[in-house]
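Worksheet: the structure to be examined is printed underneath.
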Amino acid sequence: MKTIGLIGGMSWESSALYYQQLNRQIQQRYGGLHSAQVILNSVNFHDIEVLQRENRWDEAGQYLAKIAVQLEAAGADIIALCTNTMHKVAAEIERAIYRPFLHIADATIQAIQQQKIQRVGLLGTAFTMQQDFYKGRLLAQGIDVQTPSAHDQIIIHDVIYHELCRGHVLESSKQQYLNIIQAMIEQGIEGVILGCTEIGLLIQQQDLNIPVFDTTQIHVNALVDFALSL
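The numbering used here applies: residue 1 is where the sequence shown begins, and numbers increase by one.
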């Protein structure tokens, strides 16, 4: 089994899901007392959020790249970043390491293509919904990406930072999200990307009648496949 290196803590709420799901999947596949071989470096999200808010992406990239190098030196066979937003600096991380870096958007693209879907809605932080570092990757693969209205984007972003990242999962916020997704369904989306690793705490497949692409689960699935590959 290969060792997975995780850059987490953005927020730790979703990083905990990564650790839990990785171990559960390995145990389900192998049985007995098997668990995943994981090295986790969990950052202080306060520091990262300041860099995001102040548009200091170069500093953020250097910081996360340094962590990736440390994970590689500790024996990780693959590196993964447990957040969608910080994939804005993925290239910086990839340049710093020799081991593979599993991009969360690439894993998501594969999941969408497997279901032969052409038009998806994207929920995430304002950075992910508004900037091209994530959407552009999907568009390059022929996937039409739709985002919510400007007003709805504020709601989505604020729920992530003020609630989900702090461990608060509110039914009222879930209903707001579902209303936003329903409006996008009426505009023609065929599936929805939960493009923030915390949104899976709020929205699940059983809540909707279109495919839900939970990026946390998709990323974990791809990491497990790599860890168990020959």
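Positions of the beta carbon are idealized from the N, C-alpha and C atoms, including for glycine. For clarity, every value in this text was computed on a predicted model and none was experimentally measured.
Residue range Trp57 to Ala73 is occupied by the alpha helix (DSSP H) that includes Leu64. Nearest C-alpha to Thr197 among Ile210, Asn55 and His157: His157.
His162 has its alpha-carbon roughly 18 Å from the corresponding atom of Ala150.
Inter-residue distance for Leu178 and Leu170 is about 13 Å (C-alpha atoms, whole angstroms). Val120 and Glu49 do not touch by the CB rule: their CB atoms are close to 27 Å apart, not below 8 Å. Its Cα nearest to that of Ser11, the residue Thr85 stands out among Thr85, Ile185 and Glu59.
For Leu40, the three-state secondary structure derived from DSSP is strand. With fewer than 16 other beta carbons inside 10 angstroms of its own, His46 counts as exposed. Here Thr147 really is in contact with Met129; their C-beta atoms are around 5 Å apart, less than 8 Å. Ala80 and Asp106 have their C-alpha atoms spaced approximately 12 Å apart. Restricting attention to beta strand (DSSP E) runs no shorter than 3 residues, the region 164–214 encloses them at 191–194 and 212–214, ordered along the chain. The three-state reading of DSSP puts Gln146 in strand, counting E and B together. The residue from Asn44, Phe213 and Ser35 with its alpha-carbon nearest to that of Gln27 is Ser35. In the DSSP assignment, Arg99 falls outside any beta strand (DSSP E), carrying neither H nor E. Under the DSSP assignment, Val89 falls outside any beta strand (DSSP E); it carries neither an H nor an E label. Straight-line spacing of the CA atoms in Leu122 and Gln131 works out to 12 Å. Note: Gly121 is bridge-paired with Gln146 and Val192 in the DSSP secondary-structure output. By the 16-neighbour rule on beta-carbons within 10 angstroms, Ser14 is buried. Rounded to the nearest angstrom, the Cβ distance from Ile185 to Leu194 is 15 Å, too far for a contact under 8 Å. Leu6 is bridged by DSSP to Leu40 and Ala80. Judged by DSSP in its simplified three-state form, Met1 adopts coil rather than helix or strand. A check of alpha carbon separations from His103 across Glu54, Ile218, Ala227 and Leu230 identifies Ile218 as the nearest.
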